[in-house]
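Colleague: Got a structure for you, questions after.
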Amino acid sequence: IPEYRDVAALILKKNRNLQKNLTDADMENLAAAGSSARFLTRDACDTREIASASVKLTVTSPPFLNIVQYAADNWLRCRFNSLNADEIGERITMSSSLADWCNAMQKVFDELCRITVNGGWVAFEVGEVRKGEVRLDESVIPLGRNSGFECAGVLINEQNFTKTSNIWGISNRKRGTNTNRIVVFYKK
């Protein structure tokens with residue numbers, strides 16, 4: 004049995020550490036943004052609460068086919084936000100085929116194009132799956148273009164796995180997701 008840890012105190016300490024370099028103006032801006040922010044827990048292809056042509060920047064990372072078990076991995080985050088991880092998990096797009104995944108992502112791009120202002124940006128983070136054989140950025144670029152975006156480029160972050168990954172038998176550049184690929188789109 005692990006020793007007791009005061010989780011609330013640890014979260015508050017981490018929060019103070021994250022805020023230590025913020026100015027009073029930064030704090031005021033965050034408070035103002037927070038007062039009008041919306042927290043939506045629905046399918047990304049249906050964001051009717053967001054007005055058309057109202058978003059300047061979207062940064063998102065969709066599910067990578069059926070690779071990650073998002074509900075199981077985010078249970079604690081859901082608990083702190085009074086959300087049911089299992090209910091959310093049932094609504095997450097978990098496609099086992101690339102064609103089904105692309106069909107779902109095309110609908111997301113159509114919605115992103117609807118809400119993005121002319122001159123706005125979308126950073127769409129994906130990776131490579133199936134032992135590096137499928138690079139999702141190569142599928143994402145035409146989807147974004149089909150919806151009306153221009154592809155400004157792809158940022159590739161190659162990563163080394165941590166000791167924890169190695170414990171689970173995932174070694175560098177053999178299994179798992181070895182790169183993060185951020186496809187940057189622009190709407191004219």
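All you need for the working numbering is the position in the sequence shown, starting with 1, plus 3. Ideal Cβ positions, reconstructed from N, Cα and C, are used throughout, including at glycine.
(1) Between I91, A74, I118, G92, which has its C-alpha nearest S55's C-alpha?
(2) Which parts of the segment 48 to 95 are runs of the alpha helix (DSSP H), unbroken and 4 residues or longer, counting only runs that do not cross its ends?
(3) Per the DSSP calculation, C116 is bridged to which residue(s)?
(4) Helix, strand or coil, according to DSSP, for A40 in the structure here?
(5) Pick out the complete alpha helix (DSSP H) segments inside the segment 123 to 164, 4 residues or longer, and give them in chain order.
(6) Measure the C-alpha to C-alpha separation of P66 and N121 and round it to an integer number of angstroms.
(7) Could you spell out where the beta strand (DSSP E) holding I4 opens and where it closes?
(8) Alpha carbon to alpha carbon, what distance is there between A34 and A28?
(9) Quick check on the burial criterion: 16 or more other C-beta atoms within 10 angstroms. Buried or exposed for V10?
(10) Tell me whether the segment 100 to 116 and the segment 42 to 58 touch, counting them as touching only if at least three CB pairs, one residue from each stretch, are closer than 8 angstroms.
(11) Apply the 10 Å Cβ neighbour rule to W171 and answer buried if 16 or more other Cβ atoms are within range, or exposed otherwise.
(12) Do you know how far the Cα of E31 is from the Cα of G151?
(13) According to DSSP, is N24 helix, strand or coil?
(14) Name the residue from G92, F127, L25, P5 whose alpha carbon lies nearest to the alpha carbon of E153.
(15) Which residues does DSSP pair with N183 in a beta bridge?
Modeller: This is what the structure holds:
(1) Residue I118 is the option with its Cα nearest to S55.
(2) The segment 48 to 95 contains these whole alpha helix (DSSP H) runs: 73 to 76, 78 to 83, 88 to 94.
(3) In the DSSP secondary-structure assignment, C116 is not bridged to any residue.
(4) When secondary structure is reduced to three states using DSSP, A40 falls in the coil class, being assigned neither helix nor strand.
(5) List check, alpha helix (DSSP H) in window: 139 to 150.
(6) Cα to Cα, the separation comes out at about 27 angstroms.
(7) Where I4 is concerned, there is no enclosing beta strand (DSSP E), because DSSP gives it neither an H nor an E.
(8) Using only the alpha carbons, I get a separation of about 10 angstroms.
(9) Counting C-beta atoms within 10 angstroms of its own C-beta, V10 has fewer than 16 neighbours from the protein chains shown and is therefore classed as exposed.
(10) Three or more Cβ pairs closer than 8 angstroms define a contact, and the segment 100 to 116 meets that threshold against the segment 42 to 58.
(11) Caution is warranted here: a pLDDT of 49 is assigned to W171, below 50, making its placement in the model unreliable, and the coordinate value is therefore given only provisionally. The residue is exposed, with fewer than 16 neighbouring Cβ atoms inside 10 Å.
(12) Cα to Cα, the separation comes out at about 36 angstroms.
(13) Three-state result, N24: coil.
(14) Ranking the options by Cα distance to E153, first place goes to F127.
(15) Answer by DSSP bridge pairing, in chain order: G130, N160.
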